[in-house]
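Working notes, structure below.
There are 4 protein chains.
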Amino acid sequence: MRIKVGIIGGAGYTAGELLRILINHPQVEIGFVHSKSNAGKFIYEVHDDLFGDTDLKFSATYYSDIDVVFLCVAHGEANKIVAEFESSVKIIDLSQDHRIAADHSFVYGLPELNKEAIQNADYVANPGCFATVIQLAILPLAEAGLLNGEVYASCTTGSTGAGQSLAETSHFSWRQNNLSVYKAFTHQHLAEINQSLMQVQKNDLGNLHILPQRGSFTRGILACITLKSDYSLEQLIALFEEKYKDEPFVFLSPKNCHLKQVVNTNKCLLYIEKNEEDVMIVSVIDNLLKGASGQAVQNMNLMFGLPEATGLKLKPSAF
Amino acid sequence: MRIKVGIIGGAGYTAGELLRILINHPQVEIGFVHSKSNAGKFIYEVHDDLFGDTDLKFSATYYSDIDVVFLCVAHGEANKIVAEFESSVKIIDLSQDHRIAADHSFVYGLPELNKEAIQNADYVANPGCFATVIQLAILPLAEAGLLNGEVYASCTTGSTGAGQSLAETSHFSWRQNNLSVYKAFTHQHLAEINQSLMQVQKNDLGNLHILPQRGSFTRGILACITLKSDYSLEQLIALFEEKYKDEPFVFLSPKNCHLKQVVNTNKCLLYIEKNEEDVMIVSVIDNLLKGASGQAVQNMNLMFGLPEATGLKLKPSAF
Amino acid sequence: MRIKVGIIGGAGYTAGELLRILINHPQVEIGFVHSKSNAGKFIYEVHDDLFGDTDLKFSATYYSDIDVVFLCVAHGEANKIVAEFESSVKIIDLSQDHRIAADHSFVYGLPELNKEAIQNADYVANPGCFATVIQLAILPLAEAGLLNGEVYASCTTGSTGAGQSLAETSHFSWRQNNLSVYKAFTHQHLAEINQSLMQVQKNDLGNLHILPQRGSFTRGILACITLKSDYSLEQLIALFEEKYKDEPFVFLSPKNCHLKQVVNTNKCLLYIEKNEEDVMIVSVIDNLLKGASGQAVQNMNLMFGLPEATGLKLKPSAF
Amino acid sequence: MRIKVGIIGGAGYTAGELLRILINHPQVEIGFVHSKSNAGKFIYEVHDDLFGDTDLKFSATYYSDIDVVFLCVAHGEANKIVAEFESSVKIIDLSQDHRIAADHSFVYGLPELNKEAIQNADYVANPGCFATVIQLAILPLAEAGLLNGEVYASCTTGSTGAGQSLAETSHFSWRQNNLSVYKAFTHQHLAEINQSLMQVQKNDLGNLHILPQRGSFTRGILACITLKSDYSLEQLIALFEEKYKDEPFVFLSPKNCHLKQVVNTNKCLLYIEKNEEDVMIVSVIDNLLKGASGQAVQNMNLMFGLPEATGLKLKPSAF
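Structure (structure tokens):
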């Protein structure tokens, strides 16, 4: 099978990461990479790590003679573009425009939650990075009806999570060797997480608090989640093992994990500890991969009936 | 006044930082800097940033012809050394050997808690870095009797907090761009914090959980603390303002703060937010200064009747 | 074709990187990964980014029922191991033991210099990382007989270049935000570079000086090379274009390049500038890939008649 | 003595650093800190590490009732401001507007070159950071008439050298773990260096090449300088020792030095090695201190007859 893809919003971080994956994907052919502001330039003039890897150029227009289009545009712009494509074109939207179920037909694209629906979907809304790292850590508990108290998720994100726009907090002189908290209790991904929790746990959902921090690293999110449970550690581990036993990208680590175990991969590592009734779950992903473009390709694979990990066996950077 | 000081364990990080402060302290004369393994070497051969600043050498012996000795030795060794000094020598112990009240006469040296006792003390036990950053954030609440539920302190520390010994997690190839959790719920500073809480709040103390993380930066600790309270934000701010209004090193910030605001200073910045009944307090210090050697000098100033900030008006590194 | 490989010295950085490549190489089967000190452990207990990717274990022994063995042992140990393998086993030695031609039958494994010889070789000595980044920048000049004056190569290397052993200069507290020069004029890779220069340029070779620096990054080497030439910039560019036009991993960049364009790839980017008679060449590689394990796999591909880039189309980490 | 100072261009990096020094300078009173865009704001709203240290505000106007004014404005703006001050006000210009001798009366403010002239000056042009780190490394050679061949200065600078404006190369996602060369052979500080060399060495000046690099650190410049000489190492060391024996901030290190030995200090460390006829000199400074604001205060001290190091005994950050 040959899948012809289009990318809209081709100059941003998520589009660049998508291109890094797709140019090596064995069953993908890139139809167009649209970018208004860069039309006519070589892809590698913007994503300069791709110099030597591709001679594609950004296009000024996009068209429907493709199998699937990835929307890498800003929040609020994706929903305007959908109507421009014929219904034969599948859509994967990396923005947050279609994550909350509403009067649209997008499936929420977290494969570990909605695999079958994704396989049958034409339109998929790719989850947020904080939403992914947190959901993978608590969905097994929610499915077992255990998520009924206070849940604190302290999450530290790399600078690429904020995109490529320049801001004081993304200035090297500011961020290097630094750490800071932002959007405490109010992170925009709460809504999509709560929507998923409601989907799997009909009773009381607990009360999730997200405490996001800006880390002095470039890629990845580490979530350190605490909650109370009367399940034993063994019972909790059994829940997670069962939940993820057939998933190609989610693994329960027998020892504490660190961020760089997953950087430059599509994996999520989880680790559980228990101290009296207190549970701690550590969850790590690469925000640009499992938290964005890698998951988008995983969704594409599912939508087209390919093995889920096709093109996603990425060499970790490790260091 | 001229204070003659001795330092034991002169080759470690806290001794180095003490020397960086004391060689510019207007009322200090350095009597000896003891280091078994480095005796005879110049100080700058170990603390090489002091090249050009001092021609002192490490000594093989120590003696009592001093006014105060700083113990910068490993935990477990400080309590063996105390008896070797005549009672005329004041002692400031940077190890954790005398932090918990027991059959010894050390005052717990957190100036914002025990200022008067420190001023009258001959022996002071310098608090731990995590203990300092957390206590300064919650003592005002404890004093008001508000600390009666679950308190979560997610704390991320720089690499200097682990000392200069080499370990996998302090290897640059490992730690750069990385993040990891360790000693969840079991950090050794819990005991001294709980001791202080008991000192100021006789009723239920709440239940403090520390979630330490290893950050990819060198200096500083950021604590992000969450708890519930029915006090309004204004009431909480008033508590903190009142508590710290005369303290030279602790400040309540009107906007969210970041780590590098305090790096290379003896300051602690605090910031409070409230979202419904949830309170978040951010607290930042430099672990080697307010979390160790700076606080030790602050204690020395108090013990000798000097203005508390003498020699501690340090230029922030800022970047 | 199915190539069965063995790895000796499996716990080090270069072996880890080799494993990251080989577990996804479409024509490789891993026979054994030998490590005396880790025998019996899972590979992922040492190279923990491979958790979830492989269930291989380190072996205590090695054997000859393989097609090729990679020697990832310390310098001085590789030459003792060679004799233990039957002549049917090809050998790729990543140590420096066989780089200098002597009474052995190893081909110096720089594909851009010795491709044909490598294709016909049973034994290949993989070049050093500094040697690779510098040779790719100056071989086109040497082949044209232009390297006859002073050549200065200021090279800054990431921490992984020093291996995983712990040392003061690899401590995070020391190296973060730092920079330093070492082994000025005396770097051990000079010998292999000069050997290659003699191979291609029979007349005066010029006088190469290497000024190595320790950078505060983990992966990569940037070489900034200066020399004098009366060739015009256009002539120089033509030389480089011609030399590398069919090479899959070496590219002349039309604009100045930076290290992260090649990190986590097997590529080398080159950039040339001219100012009056002064020439500057910038050359960047990932020291663990084109500078070590990636090049080793490139050599393996050549030795077994595979397309040179098989298994080496790696996603750049970019950030 | 009480020196009343004004600062114009108060929101930039060099003004911030000046404030960090001056608020603790024992003989300085700050008259105004001018910033058009921040007038009325507290200083700490822009330089937020000064929260708790000063309640000064930015002013909308400036006036002549001061002893000295520091010009921290952009290049090209300083020379417009000079005329606005009465001749009773001394001026220290941190921009490059008055570094090259012309129809103005500014003394080039490198104390190790022009100390007496600075002591008698009313107007001082503060040197550039690259100019400082290079001149301190080669002036002793120039004064001895030894600088007559090719001199290569490979200089790597921290991100603060580029100021606080946002640019792709100062974005954390780009710069972290990265390295790149820029302005090869054409750095704008060449002119002021050559002017100084002409001042001390009347004969052939040699041919200085600057190869600047952007390092992944925030503060500091390391220059690695190579040249040829028939002086012995001992003779070279003697030259440097003699030149700097009475200088409070320049030191010849007996062993190789690294950047963090001088970060957050006003010091310059130098180190010399010789290999046959090749000489390497390593020179390190903090670009914001000895390379900018620290040197400006050193010049102020000299202009007002204070001990040169007043207010400049800064605690190194070391880590």
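Protein chains in written order, with full-length UniProt numbering: chain A, 1 to 319; chain B, 1 to 319; chain C, 1 to 319; chain D, 1 to 319. Glycine residues also receive a C-beta, built at the ideal position from the N, C-alpha and C atoms.
Neighbour flag for residue i against chain B, beta carbons, 8 Å
i: residue 172/C; result: yes
i: residue 320/A; result: The structure shown has nothing for residue 320/A, since chain A only spans 1 to 319.
i: residue 313/D; result: yes
i: residue 2/D; result: no
Residues that residue i contacts on chain B, provided the C-beta gap is smaller than 7 Å
i: residue 166/C; result: 166, 171
Coarse secondary structure for residue i, derived from DSSP in three states
i: residue 353/B; result: Residue coverage of chain B in this structure runs from 1 to 319, which leaves residue 353/B outside it and unanswerable.
i: residue 303/C; result: helix
i: residue 252/A; result: strand
i: residue 129/B; result: helix
i: residue 49/A; result: helix
i: residue 24/A; result: coil
i: residue 350/B; result: For chain B, the structure presents residues 1 to 319; residue 350/B sits outside this window and is missing.
i: residue 260/A; result: helix
i: residue 153/D; result: strand
i: residue 82/B; result: helix
i: residue 64/D; result: coil
i: residue 270/A; result: strand
i: residue 161/D; result: helix
i: residue 36/D; result: coil
i: residue 71/B; result: strand
i: residue 240/D; result: helix
i: residue 31/D; result: strand
i: residue 311/C; result: coil
i: residue 6/A; result: strand
Contact with chain C by residue i, beta-carbon distance below 8 Å
i: residue 280/D; result: yes
i: residue 256/D; result: yes
Chain D contact for residue i (CB, 8 Å cutoff)
i: residue 160/A; result: yes
i: residue 157/A; result: no
i: residue 216/C; result: yes
i: residue 307/B; result: no
Listed by chain order, chain A residues near residue i by CB distance under 7 Å
i: residue 251/C; result: 51, 52
Contacts that residue i makes with chain C (C-beta to C-beta distance below 8 Å)
i: residue 259/D; result: 177, 178, 179, 180
i: residue 310/D; result: Here the premise fails: no neighbours, minimum Cβ distance about 28 Å.
C-beta neighbour in chain A for residue i, strict 8 Å
i: residue 205/B; result: no
Contacts of residue i in chain D (Cβ-Cβ under 7 Å)
i: residue 319/C; result: 173
Chain D residues whose Cβ lies nearer than 9 Å to that of residue i
i: residue 320/C; result: Past the boundaries of the shown model lies residue 320/C; chain C is included only from 1 to 319, so the question cannot be answered.
* Members of the UniProt domain "Semialdehyde dehydrogenase NAD-binding" (4-121) of chain B near chain C, C-beta cut-off 7 Å -> none
* Just by C-beta distance, which residues in the segment 261-279 of chain B are closer than 9 Å to chain D? -> 261, 262, 263, 264, 265, 267, 269
* Quick one: which residues of the segment 170-194 of chain A get their C-beta closer than 8 Å to a C-beta of chain B? List them in chain order. => 173, 174, 176, 177, 178, 179, 180, 181, 182, 184, 185, 186
* Near-chain A residues of the segment 121-149 of chain C (beta-carbon distance less than 7 Å), N- to C-terminal order -> none
* To do: Could you name each continuous beta strand (DSSP E) segment of 3 residues or more that falls completely within the segment 169-229 of chain D, going from the start of the chain to the end?
  => 207-214, 221-228
* **beta strand (DSSP E) runs wholly inside the segment 88-125 of chain C, at least 3 long, in chain order** => 90-93, 123-125
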